[in-house]
Amino acid sequence: MTAHTTPPPPFRDPQLPFAKRIDDLLSRLTPDEKVSFLHQFAPGVERLGIAAFRTGQEALHGVAWMGPATVFPQAVGLGATWNTELVRRVGEAVSKEVRAMRAHDDRVGLNVWSPTVNLLRHPLWGRNEEGYSEDPRLTSAIATAYTHGLRGDHPTYWRTAPVLKHWLAHNNETGRDVTSSSVRPRVLHEYDLRAFRGAVEGGAVAGVMPAYNLVNGRPNHVSPYLREHLRTWTDEDLFVCSDAGAPSNLADSEHYFDTHEEATAASLIAGVDSFTDHGTDGSKIVARIRGALAQGLLTEADVDLAVRRQLSVRFRLGEFDPRDDPHASTGEFDTPAHRALAGEAAEQAIVLLRNDGVLPLASDTRIAVVGLLADECKLDWYSGTLIHRSTPLEGLYERFGAERVAFAEGVDRVVVKTSTGAFLKVLAGPEEEGEGGVRGAEGALDPALLAGRTDLPPLTTDDVGGTEFALVDWGEGVVTLRAPDGRYVSVAEDGFLRASADQPGGWIVQETFRLEPREHGYLLRHLGTGRHVRVAADGVRVAAEGEEVPEVFEVVVAERGEDAVARVAAEADVVVVVAGNDPHLNGRETEDRTTLRLPSQQERLLAAARAANPHTVLALVSAYPYAIEPGGLSAVLWTAHGGQAAGTALARVLAGDVSPAGRLPQTWYADDADLPDLLDYDVIGARQTYLYFEGTPLFPFGHGLSYASFSYADLAARVEGGAVHVSFTVTNTGDVTADEVAQLYTRAVDPSVTRPRRELLGHRRVRLAPGARGEISFEVPLSDFAFWDVAHGRWRLESGPYDLLVGASSTDVRLRRTLTLEGEPSLPRPVRLRGLEAADFDEQSGTEIVDRTKVSGDAVTPVQGAADGTGELVYRACDFGTGVGAGVAGVTVTVAGSGSVELSLGGGTVLATLAVASGGGGAYDYVDVHSAFGAEGVHDLRVRLRGALRLARVGFSG
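Taking numbering that gives the first Met the number 0, the leading residue of the sequence shown gets 0, the next gets one more, and so forth.
See the structure below:
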């Protein structure tokens with residue numbers, strides 16, 4: 000007899016195209032199984048041999064949240080390298096570690112939620128560290144490189160499947176789930192969409208994650224832009240994963256829908272394919288989808304489409320072809336190559352902002368290294384656990400020798416006295432020996448560890464002498480207390496204070512306090528719980544809910560940080576002040592900054608160092624820009640938190656082993672007064688970022704110095720084949736090998752609308768030996784010179800002269816050439832026949848864009864709460880017709896709500912006032928209101944809005 004074997008189903012056949020295999024698998028899944036796939040934690044289907052699948056693995060600058068991994072510089076630091084080839088290699092290394100870690104832990108997912116491509120429009124954004132740049136083209140270039148590294152080079156199978164975060168116009172943490180970003184069409188197309196579009200068109204993006212916020216009054220999780228824009232940019236099945244908890248926000252915090260069934264259905268129809276909500280419990284999402292199906296809000300075809308997109312990603316990841324998946328055995332973890340790459344990236348991310356010649360330091364220099372970040376290797380919320388670490392102090396010890404390096408952290412050392420005269424004291428735990436006993440892994444994102452261990456005794460009091468704490472003021476009144484063994488005072492779930500945390504951190508930080516002055520001392524408020532600290536018989540703890548019996552503490556300073564800094568600074572040849580931020584405090588996910596200033600304690604330390612030694616170098620290690628006073632400083636450097644190799648990299652740059660060549664990926668402003676409102680997303684109208692900023696920055700976009708010097712020459716430019724071809728040479732005129740970042744910008748010389756003061760077209764990082772010359776060329780499509788023409792609703796290349804600017808930063812221009820480009824002439828708006836969409840204004844004041852309906856469209860409303868309750872829109876060069884029988888005699892406004900609409904020409908006399916009465920209608924109940932309105936020829940039209948109304952459209956009749 001001949002043995003017969005059952006052939007595998009078609010979805011298991013690697014010879015068939017993915018589309019046919021997905022069709023087959025979909026046909027085999029039951030409706031309930033398909034619905035269950037729509038939660039983040041999709042269960043397995045045992046009868047088909049399909050494993051469970053989880054979306055989402057954080058991998059922003061290394062594998063995060065899953066334990067030890069190689070930690071690369073923060074994303075903003077990778078952006079500062081301006082080096083796409085380097086960033087691609089970093090992405091490749093991260094994806095290989097994802098694969099290696101998954102081989103030992105199936106909780107590690109291959110659908111990675113990285114990179115973040117939100118533009119760094121506003122430097123006070125709490126998540127500044129997660130983005131690459133304020134410029135959409137630079138952001139897109141870096142993101143494209145990183146996703147290509149994450150994806151891998153195989154034509155069929157992907158090493159990991161990257162999902163871009165966070166769609167769209169998301170740049171504030173304050174009220175992030177309820178605030179709306181008002182984004183006019185030009186900003187939408189020229190700025191916010193551009194960063195995403197370039198990366199998606201680059202071919203290595205699996206999908207996107209919508210942001211928590213609303214855009215133009217509509218939550219991103221029901222955004223029509225997913226369909227109208229995102230999915231038109233590629234033929235791949237893009238997979239849209241919700242942000243955590245955002246599906247519930249639609250009905251809960253945002254109240255955009257009355258029920259969760261309506262909200263879930265609307266999200267699915269808009270294009271969300273996977274719902275990240277309620278942790279590992281998919282039952283609530285499943286119940287909502289079933290409810291929506293039962294109510295007729297969804298069809299099975301809607302569910303099938305979302306499941307198809309998920310399966311497309313799973314097939315590309317090789318899940319159903321384990322024998323053919325080339326990445327199944329290519330994982331590499333903590334290899335020498337990855338360690339070297341982490342060091343290279345950290346070196347390339349360092350930006351030299353100022354140097355009077357003190358750098359590089361000679362090998363026999365006596366160095367005083369001081370500051371709160373001098374002996375720290377800080378991690379952020381999206382870091383893995385450090386396997387290796389290097390602080391600036393350790394790097395300088397290693398490079399210059401411990402005998403030449405003196406150290407003073409500069410913290411205030413204090414003892415804390417209670418109202419009875421006793422002192423707070425840290426008791427050693429029973430398991431502790433020698434240098435502190437059992438402690439968690441450095442930087443581990445273990446909530447239990449970071450919330451404070453309960454196996455250690457709580458703080459107590461002592462009548463004889465207390466523990467000397469390091470008291471650090473991180474700014475805005477936020478302080479931490481650290482015990483002599485290095486552990487931070489934390490509050491555990493039982494409410495007691497213990498010296499138990501390796502670092503401040505966790506979703507809700509339990510290691511931060513605020514000193515509230517009283518007549519004879521301070522109240523100590525714990526910020527994590529919001530409650531005051533009290534002394535009880537069994538230890539020191541926060542007051543229980545409803546139990547406010549706070550203790551008044553006296554803080555006795557044993558040594559001021561400035562005194563220690565001045566002491567070591569006076570004895571050194573050079574002082575290196577290492578200042579900056581802790582990424583878990585005062586500017587992080589859920590919390591925006593309130594100022595560009597350094598915390599006052601760090602400003603005092605810097606002042607003390609400068610007073611004691613004129614040769615003071617400031618090394619800023621931070622997730623974002625600061626407004627500092629560079630005058631009087633011998634040198635200033637900036638680096639984002641540089642991961643595991645940060646300290647070694649900084650020391651090598653200070654010593655001149657590496658010439659710095661990082662460049663600022665965003666503008667550094669001189670003062671808070673230079674900043675727009677955090678929630679003003681109109682980069683054009685508010686003159687934001689280097690593109691439109693009209694003031695003088697502290698340090699401009701693209702800025703960065705070198706230990707070498709470079710000359711630029713031989714600029715040539717021509718228009719050919721639908722592109723502008725630009726070439727020039729760069730020569731190293733210095734005496735050390737160094738990298739230079741050559742930058743190409745453009746400026747429309749005589750534009751008909753507001754255009755960028757200069758706009759990045761391309762960049763190239765090149766390494767040149769002394770005397771060496773490199774030729775650099777760019778081919779720039781003519782479409783890159785176009786702008787979004789709101790008058791005609793499309794991209795338009797305007798005829799006229801354009802400056803080509805070549806140099807070392809956005810303001811350090813070395814070469815200039817003007818080309819005249821042939822495009823389209825500026826034509827007036829044909830309003831007589833087409834009318835005006837309200838959001839297509841040229842200028843506005845006192846208005847914001849809102850949703851015309853919950854599904855699509857825009858309207859404009861006066862900003863509610865404004866002083867006079869009015870807003871104004873300006874539409875330039877409106878053509879009402881000329882000649883016999885031309886012109887208009889009437890106007891119709893499509894409007895909802897109550898108030899009035901006034902129309903005038905060129906700012907002159909009001910020619911029509913249309914009163915609108917809601918009559919009990921809702922925000923989306925539009926009516927057409929008519930009035931006489933006579934006009935002919937071409938004029939600017941001004942529309943003034945008064946009251947609580949939404950203007951959707953203005954039409955005209957003859």
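All C-beta atoms, glycine included, are put in the ideal place defined by N, C-alpha and C.
Item: Length of the line joining the Cα atoms of Glu871 and Leu123; Value: 28 angstroms
Item: Contacting residues, own chain, Cβ-Cβ under 6 angstroms from Ser808 (five flanking each side not counted); Value: Pro699, Gly701 and His702
Item: Rounded C-alpha distance that separates Ala568 from Ala367; Value: 6 angstroms
Item: Per DSSP, the bridge partner or partners of Cys240; Value: Ser273
Item: Range covered by the alpha helix (DSSP H) that runs through Pro135; Value: Pro135 to Arg150
Item: Three-state secondary structure assigned by DSSP to Asp841; Value: coil
Item: DSSP-derived helix/strand/coil call for Pro67; Value: strand
Item: Helix, strand or coil at Asn102 according to DSSP, with G and I counted as helix; Value: Note on residue identity: the sequence assigns Ala, not Asn, to residue 102. Coil, per DSSP.
Item: Rounded straight-line distance, which links the Cα of Pro675 to that of Arg662; Value: 24 angstroms
Item: Reduced DSSP category for Glu719 - H, G, I as helix; E, B as strand; rest coil; Value: strand
Item: Inter-residue Cα distance where the pair is Gly474 and Leu597; Value: 8 angstroms
Item: Among Asp501, Ala491 and Glu553, the one whose alpha carbon lies nearest that of His525; Value: Ala491
Item: Where Leu449 falls: helix, strand or coil (DSSP); Value: Bear in mind that a pLDDT of 42 at Leu449, under 50, signals an unreliable position, so the number given afterwards is only what the model happens to contain. Three-state result, Leu449: helix.
Item: 8 angstroms Cβ cutoff, Gly394 in contact with chain B; Value: Protein chains in the displayed structure number just one, and chain B is not present.
Item: Cα-Cα separation, Glu836 to Val953; Value: 6 angstroms
Item: The alpha helix (DSSP H) enclosing Ala339, as first and last residue numbers; Value: Pro335 to Gln347
Item: Residue closest to Gln39, alpha-carbon to alpha-carbon, out of Ala18, His228, Ala58 and Lys283; Value: Lys283
Item: Three-state class that DSSP yields for Gly436 in the structure shown; Value: Annotation note: pLDDT 29 at Gly436 (below 50); position unreliable, coordinate value reported separately. Three-state result, Gly436: coil.
Item: Cβ contact (3+ pairs, closer than 8 angstroms) linking the region 747–760 and the region 797–813; Value: yes
Item: Cβ contact (3+ pairs, closer than 8 angstroms) linking the region 628–635 and the region 88–105; Value: no
Item: Own chain, CB closer than 7 angstroms to Phe552, minus 5 neighbours either side, in chain order; Value: Val415, Lys416, Thr417, Gly520, Tyr521 and Leu523
Item: Gly642 vs Pro72 beta-carbon contact at 8 angstroms; Value: yes
Item: Buried/exposed call for Thr29, threshold 16 Cβ in 10 Å; Value: exposed
Item: Identified DSSP bridge partners for Gly773; Value: Val729
Item: Where the beta strand (DSSP E) containing Glu901 begins and where it ends; Value: Gly898 to Leu904
Item: Pick from Phe399, Pro824, Pro391 and Ser328 that is closest to Asp363, judged by C-alpha positions; Value: Phe399
Item: DSSP-derived helix/strand/coil call for Gln294; Value: coil
Item: Glu693 in three-state terms, based on DSSP; Value: coil
Item: Nearest-angstrom beta carbon gap, Ala291 and Asp221 [assumed within contact, 8 angstroms]; Value: Just to set this straight, residue 221 is Val in the shown sequence, not Asp. Val221 to Ala291, Cβ: 13 angstroms. No contact.
Item: Nearest-angstrom Cα separation, counted from Leu24 out to Thr5; Value: 17 angstroms
Item: Span of the beta strand (DSSP E), counted from its first residue to its last, around Glu847; Value: Thr846 to Asp850
Item: Close Cβ partners of His188 (< 6 angstroms) along its chain, the five nearest in sequence each way excluded; Value: Trp787
Item: Coarse secondary structure for Leu653, derived from DSSP in three states; Value: helix
Item: The beta strand (DSSP E) enclosing Asn354, as first and last residue numbers; Value: Val350 to Asn354
Item: Integer Cβ distance of Thr466 from Lys424, believed to fall under 8 angstroms; Value: 5 angstroms
Item: DSSP state of Val156 mapped onto helix, strand, coil; Value: The displayed chain sequence assigns Tyr, not Val, to residue 156. Correct three-state label for Tyr156: coil.
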